[in-house]
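A short worksheet on the structure shown next.
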Amino acid sequence: MFELDWGQLLWIFTTACVVNNFTLSYFLGLCPFLGVSGRIDTALRMGMATIFVMTVTSICAWFLNTYVLPHAPYLRLISFIVVIASTVQFVEMTIKKLSPALFKALGIFLPLITTNCAILGLALFQTNKAYGFIEGIIFALGAGAGFTLALVLMAGIREENELATIPDVLRGAAMSFLIAGILSMAFMGFAGLFSKTA
Amino acid sequence: MPSQKDSYEELVKGLWRENPVFIQLLGLCPALAVTNSAINALAMGAATTFVLVGSSLLVSSLRNLIPKQVRITTFIIVIATFVTVADFTLQALAPVVHKELGAFIALIVVNCLILGRQEAFASRNSTRVAVADAAGMAAGFAFALFLLGCIREILGSGSLFGVSLFGPNFEPWVIMILPPGGFLTLGLLLGLFAWVKERRLRASQAVGGAPAERRAA
Amino acid sequence: MMVTLGIAGLCSGLAIVGIYLVTQPMIERNRAEALEAAIYRVLEGAKTRVALVLREGKLARFESPDGSLPKEEAVYAGYDEAGALVGFAVPAEGPGFQDTIKLLYGYNAERKRVVGMEVLESRETPGLGDKIIKDMNFVGNFRDLAVEPAIAAVKGGRSGENEVDAISGATISSVAVCNIINASNSRWLDRLADAEGVAAAGNGSSPDAAVSDGTGSGGID
Chain A
7 MFELDWGQLL WIFTTACVVN NFTLSYFLGL CPFLGVSGRI DTALRMGMAT IFVMTVTSIC
67 AWFLNTYVLP HAPYLRLISF IVVIASTVQF VEMTIKKLSP ALFKALGIFL PLITTNCAIL
127 GLALFQTNKA YGFIEGIIFA LGAGAGFTLA LVLMAGIREE NELATIPDVL RGAAMSFLIA
187 GILSMAFMGF AGLFSKTA
Chain E
20 MPSQKDSYEE LVKGLWRENP VFIQLLGLCP ALAVTNSAIN ALAMGAATTF VLVGSSLLVS
80 SLRNLIPKQV RITTFIIVIA TFVTVADFTL QALAPVVHKE LGAFIALIVV NCLILGRQEA
140 FASRNSTRVA VADAAGMAAG FAFALFLLGC IREILGSGSL FGVSLFGPNF EPWVIMILPP
200 GGFLTLGLLL GLFAWVKERR LRASQAVGGA PAERRAA
Chain B
1336 MMVTLGIAGL CSGLAIVGIY LVTQPMIERN RAEALEAAIY RVLEGAKTRV ALVLREGKLA
1396 RFESPDGSLP KEEAVYAGYD EAGALVGFAV PAEGPGFQDT IKLLYGYNAE RKRVVGMEVL
1456 ESRETPGLGD KIIKDMNFVG NFRDLAVEPA IAAVKGGRSG ENEVDAISGA TISSVAVCNI
1516 INASNSRWLD RLADAEGVAA AGNGSSPDAA VSDGTGSGGI D
């Protein structure tokens, strides 16, 4: 379990973060992406919470995949969703106890993470790619970092745009999608980051 | 009969006025991810319809038996069961489509639309009305997906349902079937709908406002 | 409260197990058919196949009464109508331009050549990288390809027997395919050189003879 192939791990992290960004390439986590990206600091906090939940979910998913699900593969979806809901609940309770200030700052965002398709998507992708324990954690960190990156970029742009003149018909969600489209195009430039031409 | 009329109202509202994708902005993840072709969009619409209508039917039938504290968990169990059934059935009967849709069938479980309808509607209304609501919402969702899918497939692959429309010399606008195309299409569609709405509003204001300029409806 | 959850969980469990039992045979059959079709496409002339799996580091024949495919990693020996070995179909995967590429390639151990290649799964750029699936000229490169010293993708046309003409505009995807096959070769080729005997154990009767599943008969040394 501990012979680490650093090249492979770097590839996993970077691919999950920028090349196949969970939000801009796989369309996961769009509800918080639209709802929370109004301000940079809230975006950052949401991103941090998501990274944490993703990492815990990845570990639990690995345990389930290795020890429980080979005997009952049909229970995969239900067990994943139960794990995610419980993890969020648990994280909420822990943060409340350890740091009430942080809990108040995160507010409503914490329970919302449960319906974030990015978390379940992470668990499913990790299963499909048959990642090991360490690989799964790196994958979760990369995916969470990518989600946070997309969120913060979006927040920065939207903050700037508040004073810009936008046609009335495009105000609101329409503009956000157009911005997201351009961001997504920009991120396409990361493809082929690790490839050699010879 | 009042409940007849109610059912019809509930059915129709999901199609346009409260369209889950265009108005409520729910279920966006699958709406953009699998609409790179019309067939995939329809398949996802069908799977979501199955899960939504089935869940609403079950939840509204059993609504008086589910205690308040565990209702969300129960809803999730019901939805996850239907999704698993849909997933396996699709894999057995249409493996090619299943492969195209990939993990997004399983992701129907976290589609905020479905859980939202259970919480807001199915758990508080009679079965008939709840099913009508679910059917309407699902139809609206499928319609939105189909519209997105058609636009993206026609522009991005030059085909519809796999049938080439413009012949071999058409240079497809490939970005449309890639992720940015999804975002851009939806953004522009939302802008278009807002524009149409504004024009209608202005037209009706002009008709109602100045009697001298009143035209025949 | 708990009772409700318990009942819900129970009913849910029953429904899921039920649908699983009903659909699993169909799913398995679909999977086997798809892979078999690919095997017969990369091994031209093959009509029947035998699966070989790794048991304790050695290749062993995989038997199953209903012709289903092994769940673990396997290579497939293909035989033509006369029962002669056409070659081995080897599944391989590796990083491409956008994401992982999964492919199947045919290998003739006697002549030491790749005899066919088919991409099973890829997320390469449509219109560019996905030509590794659609461009028949590119795929045709793999019909007779020497594997020594290693397969290389070159631009501007093949000059050596181990060279593949890369797709213009999709160099990286083309190179990725070659790298995947090279990596897979360094894993399997030595084993495949002696594998004909393993696969042929019991040949003469139908390759999918009804010997019990799981026992590797005739492992090689």
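Quick note, the sequences are listed as chains A, E and B, same order.
To convert, take the position in the first sequence, counting from 1, and add 6; that gives our numbering.
To convert, take the position in the second sequence, counting from 1, and add 19; that gives our numbering.
To convert, take the position in the third sequence, counting from 1, and add 1335; that gives our numbering.
Glycine included, each C-beta is placed from N, C-alpha and C at the ideal position.
Nothing here was measured: the structure is a model prediction, and the numbers come from that model.
**Message:** Considering just the uninterrupted stretch of the beta strand (DSSP E) at residue 1436 of chain B, what are its terminal residues?
**Reply:** Along the third sequence, read from residue 1 onward, the residue named residue 1436 of chain B stands at position 101. From DSSP, the beta strand (DSSP E) with residue 1436 of chain B extends over 1435–1443.
**Item:** Where residue 81 of chain A falls: helix, strand or coil (DSSP)
**Value:** For the purposes of this step, residue 81 of chain A is taken as the residue at position 75 of the first sequence. Looking at residue 81 of chain A - three-state DSSP - the assignment turns out to be helix.
**the segment 45–58 of chain E in contact with the segment 33–40 of chain A per 3-pair CB rule at 8 Å** = yes
**Item:** Start-end ranges of the alpha helix (DSSP H) lying completely within the segment 162–207 of chain E, minimum 4 residues
**Value:** none
**residue 110 of chain A versus residue 99 of chain A: straight-line alpha-carbon distance, rounded** = In the first sequence, counting from the first residue as 1, residue 110 of chain A sits at position 104. In the first sequence, counting from the first residue as 1, residue 99 of chain A sits at position 93. Cα to Cα, the separation comes out at about 12 Å.
**Beta-carbon proximity check, residue 101 of chain E vs residue 69 of chain E, cutoff 8 Å** = Numbered from 1 along the second sequence, position 82 holds the residue referred to as residue 101 of chain E. Numbered from 1 along the second sequence, position 50 holds the residue referred to as residue 69 of chain E. In this structure, residue 69 of chain E lies closer than 8 Å to residue 101 of chain E by Cβ.
**Item:** Short Cβ contact (8 Å threshold) for residue 1412 of chain B with residue 1387 of chain B
**Value:** As a working note, residue 1412 of chain B is residue 77 in the third sequence. As a working note, residue 1387 of chain B is residue 52 in the third sequence. Yes, these two residues count as a Cβ contact at 8 Å.
**Message:** Restricting to Cα atoms, I'd like to know which of B:1486, B:1508 and B:1500 is closest to residue 1447 of chain B.
**Reply:** As a working mapping, residue 1447 of chain B is identified with position 112 in the third sequence. Comparing Cα-Cα distances from residue 1447 of chain B to each of B:1486, B:1508 and B:1500, the minimum goes to B:1486.
**Item:** residue 118 of chain A versus residue 56 of chain A - alpha carbon distance
**Value:** Counting from one through the first sequence, the residue named residue 118 of chain A turns up at place 112. Counting from one through the first sequence, the residue named residue 56 of chain A turns up at place 50. The straight-line gap from Cα to Cα measures roughly 10 Å.
**Request:** Pick out whichever of A:150, A:23, A:88 and A:159 has its Cα sitting closest to the Cα of residue 45 of chain A.
**Result:** On the first sequence, position 39 is the one that residue 45 of chain A refers to. Among A:150, A:23, A:88 and A:159, the Cα nearest to that of residue 45 of chain A is on A:159.
**Message:** I need the straight-line Cα distance from residue 102 of chain A to residue 1405 of chain B, nearest angstrom please.
**Reply:** Stepping through the first sequence from its first residue, residue 102 of chain A is reached at position 96. Stepping through the third sequence from its first residue, residue 1405 of chain B is reached at position 70. Residue 102 of chain A and residue 1405 of chain B: Cα-Cα distance of roughly 49 Å.
**Request:** Please name the residues in the segment 73–85 of chain A whose beta-carbon is closer than 9 Å to at least one beta-carbon of chain E, in chain order.
**Result:** 80, 81, 82, 83 and 84
**Item:** Beta carbon of residue 125 of chain A nearer than 8 Å to that of residue 63 of chain A
**Value:** The residue labelled residue 125 of chain A in the question sits at position 119 within the first sequence. The residue labelled residue 63 of chain A in the question sits at position 57 within the first sequence. Yes, Cβ-Cβ distance for residue 125 of chain A and residue 63 of chain A is below 8 Å.
**Asked** Between the segment 33–42 of chain E and the segment 163–182 of chain E, do three or more beta carbon pairs fall short of 8 Å?
**Response** yes
**8 Å Cβ cutoff, residue 1347 of chain B in contact with chain E** = Locating residue 1347 of chain B in the third sequence gives position 12, counting from the first residue. Chain E contact via Cβ: present.
**Residues near residue 70 of chain A by beta carbon distance below 6 Å, same chain, minus five either side** = To locate residue 70 of chain A, count along the first sequence from 1; it is residue 64. Closer than 6 Å at Cβ, skipping near neighbours: 85.
**Message:** Between residue 1473 of chain B and chain A, is the shortest Cβ-Cβ distance under 8 Å, so that the two count as touching?
**Reply:** If you number the third sequence from 1, residue 1473 of chain B lands on position 138. Answer no: the Cβ-Cβ gap between residue 1473 of chain B and chain A never drops below 8 Å.
**Cβ neighbours of residue 2 of chain A in the same chain (closer than 6 Å, five flanking residues each side left out)** = Outside the shown range of chain A, which is 7 to 204, sits residue 2 of chain A, and nothing can be said about it.
**Request:** Measure from the alpha carbon of residue 41 of chain A to the alpha carbon of each residue in A:26, A:190, A:121 and A:87, then state which is nearest.
**Result:** For this step, residue 41 of chain A is matched to residue 35 along the first sequence. The shortest Cα separation from residue 41 of chain A among A:26, A:190, A:121 and A:87 belongs to A:121.
**Asked** Comparing alpha-carbon positions, which option in A:20, A:16, A:14 and A:11 lies nearest residue 197 of chain A?
**Response** Mapped onto the first sequence, residue 197 of chain A falls at position 191. Residue A:20 is the option with its Cα nearest to residue 197 of chain A.
**Prompt:** Across which residues does DSSP place residue 1456 of chain B in a beta bridge pair?
**Reply:** For the purposes of this step, residue 1456 of chain B is taken as the residue at position 121 of the third sequence. Answer by DSSP bridge pairing, in chain order: B:1437.
**Item:** Residue interval of the alpha helix (DSSP H) (run including residue 1526 of chain B)
**Value:** Along the third sequence, read from residue 1 onward, the residue named residue 1526 of chain B stands at position 191. Note, residue 1526 of chain B: alpha helix (DSSP H), 1506–1528.
**Prompt:** For residue 197 of chain A, does the three-state DSSP call read helix, strand or coil?
**Reply:** Here residue 197 of chain A refers to the residue found at position 191 of the first sequence. Looking at residue 197 of chain A - three-state DSSP - the assignment turns out to be coil, as it is neither helix nor strand.
**Item:** For residue 1419 of chain B and residue 1539 of chain B, the rounded distance between their alpha carbons
**Value:** Here residue 1539 of chain B is taken as the residue at index 204 of the third sequence, counted from 1. Here residue 1419 of chain B is taken as the residue at index 84 of the third sequence, counted from 1. Reliability of the predicted coordinates at residue 1539 of chain B is poor, the pLDDT of 41 falling under 50, and the value obtained from them is presented with this limitation in mind. Between residue 1539 of chain B and residue 1419 of chain B, the C-alpha separation is close to 10 Å.
**Message:** Can you find the residues in the same chain that come closer than 7 Å, C-beta to C-beta, to residue 232 of chain E, ignoring five residues on each side of it along the sequence?
**Reply:** Within the second sequence, the letter at position 213 stands for residue 232 of chain E. Residue placement at residue 232 of chain E is poorly supported in this model, since its pLDDT is 47, which falls under 50; the coordinates still yield a value, given next. Around residue 232 of chain E: 225.
**Prompt:** What residues from the segment 135–152 of chain E come within 7 Å of chain B, judged by C-beta to C-beta, listed N to C?
**Reply:** none
**Asked** Is it right to say residue 1475 of chain B is buried, meaning 16 or more other beta carbons lie within 10 angstroms of its own, or is it exposed?
**Response** Locating residue 1475 of chain B in the third sequence gives position 140, where the first residue counts as 1. The residue is exposed, with fewer than 16 neighbouring Cβ atoms inside 10 Å.
**Request:** Tell me whether the beta-carbon of residue 1371 of chain B lies closer than 8 Å to the beta-carbon of residue 1384 of chain B.
**Result:** As a position in the third sequence, residue 1371 of chain B is number 36, starting the count at 1. As a position in the third sequence, residue 1384 of chain B is number 49, starting the count at 1. Against a cut-off of 8 Å, the Cβ pair of residue 1384 of chain B and residue 1371 of chain B comes out as a contact.
**Request:** Kindly say whether residue 1340 of chain B, judged by its beta-carbon, lies nearer than 8 Å to any beta-carbon of chain E.
**Result:** One-based indexing of the third sequence puts residue 1340 of chain B at position 5. Yes, its Cβ sits closer than 8 Å to a Cβ of chain E.
**Request:** Output the distance between the C-alpha atoms of residue 1533 of chain B and residue 1470 of chain B, rounded to the nearest integer angstrom.
**Result:** One-based indexing of the third sequence puts residue 1533 of chain B at position 198. One-based indexing of the third sequence puts residue 1470 of chain B at position 135. Distance between the alpha carbons of residue 1533 of chain B and residue 1470 of chain B is about 36 Å.
**Message:** Assuming residue 175 of chain A and residue 210 of chain E are in contact, meaning their beta carbons sit under 8 Å apart, how far apart are those beta carbons, in whole angstroms?
**Reply:** Here residue 175 of chain A refers to the residue found at position 169 of the first sequence. Here residue 210 of chain E refers to the residue found at position 191 of the second sequence. Contact holds; Cβ gap of about 5 Å.
**Message:** Give me the subset of the segment 40–62 of chain E whose CB atoms are less than 7 Å from a CB atom of chain A, sorted by chain position.
**Reply:** 44, 47, 48, 51 and 52
**Message:** Taking its Cβ as the centre, do 16 or more other Cβ atoms sit within 10 Å of residue 1375 of chain B, making it buried, or is it exposed?
**Reply:** Looking up residue 1375 of chain B in the third sequence gives position 40. Buried is the call here.
**Request:** Would you kindly check if the distance between the Cβ of residue 191 of chain E and the Cβ of residue 1336 of chain B is under 8 Å?
**Result:** Along the third sequence, read from residue 1 onward, the residue named residue 1336 of chain B stands at position 1. Along the second sequence, read from residue 1 onward, the residue named residue 191 of chain E stands at position 172. No; because the gap between Cβ atoms is not below 8 Å, this pair is not in contact.
**Asked** At a Cβ cut of 8 Å, what residues of the segment 1494–1519 of chain B count as close to chain A, listed as they run along the chain?
**Response** 1506, 1507, 1510 and 1511
**Asked** Hey, quick one: how far does the beta strand (DSSP E) through residue 32 of chain A stretch, first residue to last?
**Response** Against the first sequence, residue 32 of chain A aligns to sequence position 26. Run containing residue 32 of chain A: none; DSSP gives neither H nor E here.
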